[in-house]
Structure formats: C-alpha cells, structure tokens
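In the UniProt record's numbering, the protein residues as written are 1 to 180.
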Amino acid sequence: MLKNAVSAILIHNHTAADLTPSEADKDLTDRLIQVGRILHVPVLDHLIITTEDFLSLQHQGLMDELRKSLKWVQPYEIEERIRAEEARLRAEAVRVAREEGEREGEGIGMRKGLREGRKEGREMGREEGLQEGKKKGEEKGRKKERIEVARAALAEGMEIGMVARISGLAEGEVGKLVKR
C-alpha cells in the first residue's frame, strides 16, 4: 500500500482468453475489500485482463455484491452492526410501546375514574391505567424488538443459536421466524 493512497484498483491477468472471474478471484477481492475497510482505503474495482480484452468486476455488478458479503468481515464488526441495529430497533420499539401504553393507559384511567365519579378516583385511575398501559406496551415493544433483532440477524446469515443468544428469544421462536 502506497503512502497516502486514497483508494485502490486491483488488476491481475488471466493467461487463458477466459475472463470469467473464478471463486478464488472473488474471494481475494472480498478479502481485499475488508482490508481496505480496515485501512480506510476503499477498493474501487478489480480488473481481469488478457492479451486481448479485460473485465471490470465493478461494471459486472460483482463489486457491489462482494461489498455486501459477510464472508471475510471480522466477527466484531458484524456484532457491532447487529448491536447498532438492535439499539435502533429497541429505541423505536420503546417509543411506539410508550405511545401505545400512554393511549391505552389514559383510556383505562379515564373509564375507571368516571365510574367512581370522584376527582380523586379519576386521578388515581388514570395513574394506574397509565402505569399498567405503559408496562403492557413496553412488554409488547420489547417482544417486538427481540423479534425484529432476530429477523435482522437471520437476514445477515447468523446461526439460530447465536441469534437466540443475542435476541433473548428461545431457539424455537427463532426457528419459527426462519420458516416464515
């Protein structure tokens, strides 16, 4: 790697006239993309050349496919990605659950207070309803969040056992998500 390189283009030759990238070519490109990420030097393209022609993996769409690949990504980076997605989903689920809980709680509290017909009864009912509604809503939200985290991890190709440990769901529940 040259000093101050801001990007890289990989080039190699095939002795035969066949320009089709081999699995080894794809693996090498995938690995070097990951090295580039670590060094903050993006790999822009991989060219395969012969004496008469060339093939650009970027123009073939293979570079985009390889950039999405998790084959050579370090496990800690996958875990960081999952944790970031999990935190985003958790925050969203808690927000939605809190809103649902507050609406549900207000409704419960209002009905209870009106039945008692007293100001004190209304205030107490509203508080109890809010707390109960928030609790139910947060529980629903946590469950939804765990399911969304599991779906995201499964979509990234993680194993059911690891997904179960990360999400807190039972392996059977994670297995059901795979079958859907």
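Ideal placement from N, C-alpha and C gives every residue a C-beta, glycine not left out.
It should be emphasised that the depicted structure is a prediction, and the values quoted were computed from it without experimental measurement.
Go through its chain and collect everything with a Cβ distance to Ile-9's Cβ below 8 Å, but skip five positions before and after it.
-> Val-43, Leu-44, Asp-45, His-46 and Leu-47
Specify, as a first and last residue, the run of the alpha helix (DSSP H) that Ala-24 falls within.
-> 23 to 39
Candidates Arg-151, Lys-71, Val-41 and Val-6: which alpha carbon is nearest Glu-23's?
-> Lys-71
Verify whether the separation of the beta carbon atoms of Leu-89 and Glu-148 is less than 8 Å.
-> yes
Assuming Glu-171 and Gly-161 form a contact by the criterion Cβ under 8 Å, report the distance between their Cβ atoms to the nearest whole angstrom.
-> 6 Å
With 16 other CB atoms within 10 Å as the buried threshold, where does Ala-91 fall?
-> exposed
Straight-line gap, Ser-56 to Asp-30 (C-alpha atoms, nearest Å) | Here the C-alpha atom of Ser-56 lies approximately 15 Å from the C-alpha atom of Asp-30.
According to DSSP, is Leu-169 helix, strand or coil?
-> Assignment of Leu-169 by DSSP, reduced to helix, strand and coil, places it in the coil class.
May I ask you to report which of helix, strand or coil DSSP gives Val-43?
-> strand
Secondary structure of His-59, DSSP reduced to three states = helix
Cβ-based burial, residue 183 [other Cβ within 10 Å; buried from 16] = Since the first and last residues shown for the chain are 1 and 180, residue 183 lies out of range.
If you draw a straight line from the alpha carbon of Arg-165 to that of Thr-50, how long is it in whole angstroms?
-> 49 Å
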